[in-house]
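The structure appears below as structure tokens.
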Amino acid sequence: MECKEALPLMHEYLDGGLKGSEAVALKEHLLGCASCRQRLKEFEKVEALIHAWPNPEVPSGLTERIMQSLPPVRRKSPWWEWVRRHPAASVAAVFVMVMMGSFMSLWNEDSELIVKGTDLQSVVIQGNTVVVPEGKTVAGNLMVENGKVQVDGDIKGNIVVIDGSVNMASTAHISGQVTEIDEAFSWLWFKMNDWAANISK
Ligand SMILES: [Zn+2]
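Each residue of the sequence shown is one higher than the last, beginning at 0 in numbering that gives the first Met the number 0.
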């Protein structure tokens, strides 16, 4: 298995939908590929980070905080099924799929740009730059890996950028936090855990 085949399986694994033979194939690849092991580790941290964040839209009552501290419901992503059945098309294609109000991902394998978020209808992909145009609102969190984020509009949530950068125009409004992750990741992860532990008390 090549790394580009392992990538969708890792996402599927994180979504809780990896079946027996795929799990074995992924495990075999991970045993022999240090860079994919590292990548999976970082994906897991980002997933945990996103789930650990409080939703800025929700009032900070005790019940809400308790509800938010429960583990998220894992849903199988049907679009990965499509990727697996159409491996040739998936190489060049950019995928946009709405997950019944749960999760939506967009993935361009050519540039390895990965975009995840709860509301991606309002973003525009230009090369390896994810643009939130002026006058548009993204109603949720945004995670971008291997790319830049240009914010000219509104984001009602948090931004996480892994191996990239964020540029905010004077017209930008971001209600949540902006996090850029690179080699300082381990330190950040430690601080975020610390912070999440404090707010859930
Ligand atoms: Zn690999």
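Note that beta-carbon positions come from the ideal geometry of N, C-alpha and C, so glycine has one too.
Report task. Spatial neighbours of residue 134 within its chain, please: CB distance less than 7 Å, with the 5 preceding and 5 following residues excluded, ordered by chain position. Result -> When the five nearest sequence neighbours on each side are left out, the beta carbons in the same chain lying within less than 7 Å of the beta carbon of residue 134 are those of 152, in order along the chain.
Query raised in the report: Is the beta carbon of residue 30 less than 9 Å from the beta carbon of residue 5?
Result: Contact: no.
Report task. May I ask you to report which of helix, strand or coil DSSP gives residue 1? Result -> coil
Report task. Using the Cα positions of residue 167 and residue 42, report the straight-line distance between them to the nearest angstrom. Result -> 25 Å
Query raised in the report: Should residue 1 be listed as close to ligand 1, given that the test is whether its C-beta is under 8 Å from any heavy atom?
Result: At least one heavy atom of ligand 1 is found less than 8 Å from the C-beta of residue 1.
Query raised in the report: Taking all protein chains shown into account, do 16 or more other C-beta atoms lie within 10 angstroms of the C-beta of residue 18, making it buried, or fewer, making it exposed?
Result: Counting every other CB atom within 10 Å of its CB across the protein chains shown gives residue 18 a total below 16, marking it as exposed.
Query raised in the report: Sorry if obvious, but does the Cβ on residue 22 come closer than 8 Å to a heavy atom of ligand 1?
Result: no
Requested in this report: For residue 147, name the three-state secondary structure that DSSP assigns.
Outcome: strand
Report task. Please go through the same chain and pick out, in chain order, the residues whose beta-carbon is closer than 6 Å to the beta-carbon of residue 202, but skip the five residues on each side of it. Result -> In the structure as shown, the chain begins at 0 and stops at 200. Residue 202 is therefore absent and cannot be evaluated.
Report task. Using a threshold of 9 Å, state whether the C-beta atoms of residue 157 and residue 146 are closer than that. Result -> no
Query raised in the report: Helix, strand or coil: which one does DSSP assign to residue 19?
Result: In the structure shown, residue 19 sits in a helix (DSSP, three-state: H, G or I).
Report task. Identify, in the order they occur along the chain, each residue of the same chain with its Cβ nearer than 8 Å to the Cβ of residue 137, setting aside the five sequence neighbours on each side. Result -> For residue 137, where only same-chain residues beyond five positions count, the Cβ hits under 8 Å are 116, 118, 119, 121, 122, 131, 152, 153, 154, 155 and 156.
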